[in-house]
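To convert, note that position 330 of the sequence shown is 956 in the numbering used here; the numbers rise steadily by one, no gaps. The beta-carbon is built from N, C-alpha and C at its ideal position, and this holds for glycine as well. Just so you know, these numbers come straight off a predicted model, no measurement behind them. The block underneath contains the structure these notes are about, expressed in structure tokens.
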Amino acid sequence: MGEDYTPYIDCLTRYYSLENDAKAGPRNYTRRYKQLLLQVFSPDSVLQLVPNTAIPLLLEYSTSGAVDKRLPSLIPALGMIFINTPTDCTDSPDLRKLSGTLAERAKLTFNDLVNKRDIVRSTDESPPYSPREWEETGSFYGRPPIRHRPFYEGRDNTEKPVDASENGRCKKYYSPYRQQTLTGGIMAIWCPHLICLGFHKIPRAEGRNDVFSALYVYFEQAPEVVIYDFACQLGAYSMSREPEFFKDTCFAIDEMHAKGHSSCSQASYSSNYMQGRASLQSVNTSAAECSNSGLNRIRKSVSYMGQRNAILLTYVYLCIWNRRRERDIQTKTVKEREELWKFVS
627 MGEDYTPYID CLTRYYSLEN DAKAGPRNYT RRYKQLLLQV FSPDSVLQLV
677 PNTAIPLLLE YSTSGAVDKR LPSLIPALGM IFINTPTDCT DSPDLRKLSG
727 TLAERAKLTF NDLVNKRDIV RSTDESPPYS PREWEETGSF YGRPPIRHRP
777 FYEGRDNTEK PVDASENGRC KKYYSPYRQQ TLTGGIMAIW CPHLICLGFH
827 KIPRAEGRND VFSALYVYFE QAPEVVIYDF ACQLGAYSMS REPEFFKDTC
877 FAIDEMHAKG HSSCSQASYS SNYMQGRASL QSVNTSAAEC SNSGLNRIRK
927 SVSYMGQRNA ILLTYVYLCI WNRRRERDIQ TKTVKEREEL WKFVS
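What follows is the structure in structure tokens.
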């Protein structure tokens, strides 16, 4: 028996009536309704719109109509509808039915990702580690690796780069590298305070595997939010390999690169999540881009060095960068305390 499309048809009918009836509701509500439908009908994974954490909350809303306060931050498109809901549209059977359908789709998709994976592991033991091996490997994250990066049968290809076997629709990220034939570089992970958490040398143009592997190998838990200029495909890439590890991670495209992702759903835009998550409103989503540009200062020097010296220079440069950022933050904190003390006094 096929899927019941009635909830989708009902919502499309509802939107059509809102769009053609000026008295059906305010234009802002209609616009938000349309934005939700665009994300629902996008070809992106349903888990980008409905994260695993939101599934029970959607099911609760679909049955009782009660909106959990966490739901708007997890699904901003739905949350903005609640905020702009007119008084005569508070009870929305069409949205409740759609929510139940999306929750069931997300649950089935997540379970399929968990159960339909062929993982080839060499060992379950922690990877071997020595304190100075990063000088040879070019991978430094301030701690030993926690787990191996597995090989995923049917998803990773031994004959092609690990990113080539699962190309997504969005070509925004890869086109510059193909045109300029760029190779190699540094993959660095930054916190919102512009502190570098770690880096590794990459032999070819940066891809989804570089970010996925760094997070999975060196982080005990996946970050709550990952802001990346190719997050629309990084989320699907990561969830298809380690869905349980990344089930609570929000993958979002930074504001600067979002405009270039014209074929992607806005469910992956960081500006979309800022509407429902107060913690993201003060975050500079281009922090990594700004910090990466700072690495250009040593680009020419590194190009004339052998691998070992290039790794050492990168390490020293980032250590100095981090220390300067820490001192700037400390100085700013002291000034804020002094200003606050003057105000209190």
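For residue i, write down the residues that DSSP places opposite it in a beta bridge.
i    : result
H826 : S765 and M813
A878 : I853
I946 : Per DSSP, none; premise fails for I946.
V746 : F777
D782 : E779
Y755 : Y755 is not bridged to any residue.
Y941 : Partner(s): none; Y941 has no beta bridge.
Could you check where the beta strand (DSSP E) with residue i kicks off and where it finishes?
i    : result
F667 : Neither: F667 is in no beta strand (DSSP E) and is coded neither H nor E.
F871 : No beta strand (DSSP E) contains F871, which is instead part of the alpha helix (DSSP H) from P869 to F872.
E596 : No information on residue 596 is available, as it lies outside the stretch 627 to 971 that the chain covers here.
Assuming residue i contacts residue j (C-beta within less than 8 angstroms), just tell me the rounded distance between them.
i    : j    : result
L673 : L683 : Not confirmed; about 15 angstroms, so no contact.
L823 : Y767 : 7 angstroms
V852 : F825 : Their Cβ separation, rounded to whole angstroms, is 16 angstroms, which puts V852 and F825 out of contact at 8 angstroms.
I589 : L938 : This structure leaves residue 589 out entirely; the chain is present only between 627 and 971.
Y659 : L644 : 6 angstroms
P818 : N910 : 7 angstroms
I681 : K733 : 5 angstroms
L590 : I707 : No information on residue 590 is available, as it lies outside the stretch 627 to 971 that the chain covers here.
T735 : Y655 : Between Y655 and T735 the Cβ distance is about 29 angstroms, and since that is not below 8 angstroms, they are no contact.
A884 : S897 : 6 angstroms
E850 : D874 : 7 angstroms
R758 : S866 : With a Cβ gap of about 35 angstroms, R758 and S866 do not count as contacting.
T679 : L704 : Contact doesn't hold; Cβ gap of about 14 angstroms is too wide.
A893 : Q665 : 5 angstroms
P869 : L739 : 4 angstroms
The alpha helix (DSSP H) spanning residue i covers which residue range?
i    : result
T635 : Note that residue 635 corresponds to Ile in the displayed sequence, not to Thr. Here the alpha helix (DSSP H) through I635 covers T632 to N646.
P818 : Counting along the chain, P818 falls outside any alpha helix (DSSP H), and DSSP gives it neither H nor E.
C890 : Unbroken run through C890: none, as it is neither H nor E.
T727 : P719 to N741
K926 : R925 to S929
V843 : R834 to Y844
Q674 : V672 to L675
I681 : I681 to S690
Q907 : A904 to Q907
N910 : From DSSP, N910 is part of no alpha helix (DSSP H); its letter is neither H nor E.
L697 : L697 to L700
S897 : S896 to M900
Practice problem: Give a yes or no on contact between the region 664–679 and the region 856–863, applying the rule of three or more CB pairs nearer than 8 angstroms. | Solution: Taking 8 angstroms as the limit for Cβ pairs, the verdict is that the region 856–863 does touch the region 664–679.
Quiz prompt | Contact the region 633–648 vs the region 724–738: 3+ CB pairs below 8 angstroms | solution = In short, these stretches touch, since the Cβ pair count reaches three.
Quiz item: Can you find at least 3 beta carbon pairs, one from the region 742–756 and one from the region 677–694, that sit closer than 8 angstroms?
Solution: The region 742–756, when compared against the region 677–694, does not touch it at the 8 angstroms Cβ threshold.
Quiz item: Between the region 772–782 and the region 834–844, are three or more C-beta pairs nearer than 8 angstroms?
Solution: Output reads yes: the region 834–844 touches the region 772–782.
Quiz prompt | Touching by the beta-carbon criterion (3+ pairs, under 8 angstroms), the region 898–913 and the region 923–933 | solution = Contact fails between the region 898–913 and the region 923–933, because fewer than three Cβ pairs, one in each stretch, are under 8 angstroms apart.
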